[in-house]
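Participant:
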Amino acid sequence: MQSLCRSASVSLDSLSFASFAPTNIDSSPQFRLPALAVSRRFKLHCCSSLKAAMTNNSSSVADSIDQKAKETKLWGGRFEDSVTDAVERFSESISFDKGLYKQDIMGSRAHATMLAHQGLMSNSDRDCIFQGLDEIEKSIEAGEFVWRTDREDVHMNIEAALIDLIGEPAKRLHTARSRNDQVITDLRLWCRDAIDKILELIKYLQVSLVALAKKNEGLIVPGYTHLQRAQPILLQHLLLSYVEQLERDAGRLVDCRDRLNFCPLGACALAGTGLPIDRFMTASALGFNAPMRNSIDAVSDRDFVLEFLSVNSITAVHLSRLGEEWVLWASEEFGFLIPSDSVSTGSSIMPQKKNPDPMELVRGKSARVIGDLVTVLTLCKGLPLAYNRDLQEDKEPLFDSVKTVMGMLEVSAEFAQNVTFNRERIQKALPAGHLDATTLADYLVKKASWFLPAGIPFRTSHDIVGRSVALCVSKNCQLGDLTLDELRSINPVFEEDVYEFLGVENSVKKFCSYGSTGSKCVAEQLGFWIEKLGMEDTIN
């Protein structure tokens, strides 16, 4: 099997090769990978050798390797004994870091290209490595690759399989590379891809919320502070507030992506290398902005993971607040929101129940995302420079955080697309709570009189309206129900025009400050988001 590439490389130039262009490697003409084509005979040989090296059982982790069958570790030159089974089980990471295989193969292709360009590897060895990596990637995606715990992690599983497949040329791939810079390169590539996917889902939820707002034009709902009735607001205004929060979440992700988009490959274990590598070449080939300046920093810090987890946590908190509000609104006590059957669940014992479970789980899963951040913060807080094996534990919370946030965003969008608002129930609820009290205070501030030509000071207005509300409470009525004489008994400044400021509809009409809940202001906000999200052709 190890003679495969040796025998092929002798006549490599005479073979008819099919082009091979790995994703994200050949985007820059300066660093285009060479065309690689392998004759049908070579491909058949390669594929049959691969299948001989890898069983067809599944892509699961093979965790029961017999002690005698264990191969010598790629790092095992100075060791006489194998590690115990317990140590192997405890220290393996292949059970979760195999999810980095695409990024690992991508990085190896870029690294091999650079090594050949720098004369540290022959072109024929490079081409053979490309073909071997291609076949390994196909085997993984077909579910035929067996991940071995005795090979510890994704990097050594792929490298050992490549050695099994093509022999000596594969042993050149790790030139000027350590698993320390290899794993952090893989992780930065993975985070970059994950951020792009989350950004798409944030926009999906934003579009769903804007569409829901558009469908409920003019609907006034109670606004709350301290979970107490505060002021009347347009439902559109409330929904768009979540769109704004999500936009800041997206901005934080974009910033995080920009900061993490620097290449650690070539930093090696911690000190770099004495070999003439070109780190700018590999950085460009992998789509990074530049190589990281300091090799110690490159392999030892996980601040980009912490930042990513922090952004996810903030996003999760925003989604949790949305979930909490909609769970409350769907309750009988509120009755403002009606989820459809497609986003509701029932009770195993109470046949009448219809529960907004998806949003309860959104609220609950935010705890997991926050916990993932705290896990990695605690993991990193006491580590000396440079790399430490503790950092292996950064991946599971990272993977969990990303998966959970993506699920939260997706189900929140689905929920938004499958709810209606109970206008009748909302309308009945609006009179309670004296929601127009602040508008009445504004009336007094603007009200000029012969003895107060500049209007009443706000603190005085606040007191006058407070006494007016107290009168309403004693009479069990609303501010608009008080007669002009009753209002003047509190302060003579009141005139007939006061009733233009009372009632929730009048109150909403009086809002005019930028960003407020006034109808014109909200219409401008809605128009802004429809244009920004590119919804002009999809929304009525």
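In terms of the numbering used here, the sequence shown has 529 at position 529, counting the first letter as 1, and numbering is strictly consecutive. Every residue, glycine too, gets a C-beta built ideally from N, C-alpha and C.
Assuming residue 528 is part of the alpha helix (DSSP H), what are its boundary residues?
Facilitator: By one-based count along the sequence shown, residue 528 stands at place 528. Start and end: 519-532.
Participant: Assuming residue 324 contacts residue 363 under a Cβ cut-off of 8 Å, what Cβ separation, rounded to an integer in Å, is found between them?
Facilitator: Along the sequence shown, one-based indexing puts residue 324 at 324. Along the sequence shown, one-based indexing puts residue 363 at 363. With 8 Å as the limit, residue 324 and residue 363 qualify as a contact, their Cβ atoms being about 5 Å apart.
Participant: So residue 314 is in the beta strand (DSSP E); what residue range does that whole segment cover?
Facilitator: Here residue 314 refers to the residue found at position 314 of the sequence shown. No beta strand (DSSP E) holds residue 314; the alpha helix (DSSP H) holding it covers 303-329.
Participant: Can you tell which of 381, 375, 417, 312 has its C-alpha closest to the C-alpha of residue 358?
Facilitator: For the purposes of this step, residue 358 is identified with residue 358 of the sequence shown, where counting begins at 1. Among 381, 375, 417, 312, the Cα nearest to that of residue 358 belongs to 417.
Participant: Would residue 206 pass as a contact of residue 254 if the rule is Cβ separation under 8 Å?
Facilitator: For the purposes of this step, residue 206 is taken as residue 206 along the sequence shown, with counting starting at 1. For the purposes of this step, residue 254 is taken as residue 254 along the sequence shown, with counting starting at 1. No, the pair does not count as a contact, with Cβ atoms beyond the cut-off.
Participant: Start and end of the beta strand (DSSP E) containing residue 225?
Facilitator: Here residue 225 is taken as the residue at index 225 of the sequence shown, counted from 1. Its beta strand (DSSP E) spans residues 220-225.
Participant: Could you tell me which residues DSSP puts in a beta bridge with residue 234?
Facilitator: As a first step, residue 234 is located in the sequence shown; it is residue number 234 there, counting from the start. In DSSP, residue 234 forms a bridge with 220.
Participant: Compute the beta-carbon to beta-carbon distance between residue 180 and residue 387, rounded to the nearest angstrom, for a pair I have assumed lies under 8 Å.
Facilitator: The residue you call residue 180 lines up with position 180 of the sequence shown. The residue you call residue 387 lines up with position 387 of the sequence shown. Correct: roughly 4 Å between the Cβ atoms.
Participant: For residue 256, which of helix, strand or coil comes out of DSSP?
Facilitator: Numbered from its first residue, the sequence shown carries residue 256 at position 256. Residue state, collapsed to three classes: helix.
Participant: With a 10 Å radius around its C-beta and 16 neighbouring C-beta atoms as the bar for buried, classify residue 46 as buried or exposed.
Facilitator: Position 46 of the sequence shown, counted from the first residue, corresponds to residue 46. Because residue 46 sits at a pLDDT of 45, beneath the cut-off of 50, its placement in the model cannot be relied upon, and the following sentence gives the value as read from the coordinates. Residue 46 is buried by the Cβ-count criterion.
Participant: Measure the C-alpha to C-alpha separation of residue 263 and residue 404 and round it to an integer number of angstroms.
Facilitator: Numbered from 1 along the sequence shown, position 263 holds the residue referred to as residue 263. Numbered from 1 along the sequence shown, position 404 holds the residue referred to as residue 404. Between residue 263 and residue 404, the C-alpha separation is close to 27 Å.
Participant: CA-CA distance, residue 52 and residue 186?
Facilitator: Walking along the sequence shown from the start, residue 52 turns up at place 52. Walking along the sequence shown from the start, residue 186 turns up at place 186. Note that residue 52 scores a pLDDT of 47, beneath 50, so its modelled location is shaky and nothing firm can be said.
Participant: Give a yes or no on whether the C-beta atoms belonging to residue 136 and residue 170 are separated by under 8 Å.
Facilitator: Walking along the sequence shown from the start, residue 136 turns up at place 136. Walking along the sequence shown from the start, residue 170 turns up at place 170. Their beta carbons are not under 8 Å apart, which means residue 136 does not touch residue 170 by this criterion.
Participant: Which residues in the same chain have their Cβ closer than 8 Å to the Cβ of residue 547, if we skip the five residues on either side of it in sequence?
Facilitator: The requested residue 547 is not part of the displayed model; the chain covers only 1 to 540.
Participant: Using 8 Å for Cβ pairs, my map puts residue 390 next to residue 377. What's the rounded Cβ distance?
Facilitator: The residue given as residue 390 occupies position 390 in the sequence shown. The residue given as residue 377 occupies position 377 in the sequence shown. About 13 Å; that fails the 8 Å criterion.
Participant: Provide the residue span of the beta strand (DSSP E) that contains residue 419, from first to last.
Facilitator: Residue mapping note: residue 419 aligns to position 419 of the sequence shown, counting from 1. Taken as a continuous stretch (DSSP letters only), the beta strand (DSSP E) holding residue 419 covers 419-421.
Participant: Look at the alpha carbon of residue 529 and the alpha carbon of residue 121, and state the distance between them as a whole number of angstroms.
Facilitator: Here residue 529 refers to the residue found at position 529 of the sequence shown. Here residue 121 refers to the residue found at position 121 of the sequence shown. Cα to Cα, the separation comes out at about 53 Å.
Participant: With DSSP as the reference, label residue 228 as helix, strand or coil.
Facilitator: In the sequence shown, residue 228 corresponds to position 228, counting from 1. Note: residue 228 maps to strand in three-state DSSP.
Participant: Sorted by chain position, which residues of the same chain lie with C-beta nearer than 8 Å to residue 271's C-beta, five sequence neighbours on each side aside?
Facilitator: For the purposes of this step, residue 271 is taken as the residue at position 271 of the sequence shown. Cβ neighbours of residue 271 beyond the five flanking positions: 295, 296.
Participant: Taking residue 472 as the reference, give the member of 409, 434, 503 with the closest Cα.
Facilitator: Against the sequence shown, residue 472 aligns to sequence position 472. Selected option, being the one with the closest Cα: 434.
Participant: Which residue marks the beginning of the alpha helix (DSSP H) containing residue 202, and which one marks its end?
Facilitator: Here the question's residue 202 lines up with position 202 in the sequence shown. 179-215 is the extent of the alpha helix (DSSP H) around residue 202.
Participant: Pop quiz: residue 401 and residue 372 are said to be a contact at Cβ under 8 Å. What is the actual Cβ separation, rounded to whole angstroms?
Facilitator: Here the question's residue 401 lines up with position 401 in the sequence shown. Here the question's residue 372 lines up with position 372 in the sequence shown. The pair is a contact, with the Cβ atoms about 4 Å apart (cut-off 8 Å).
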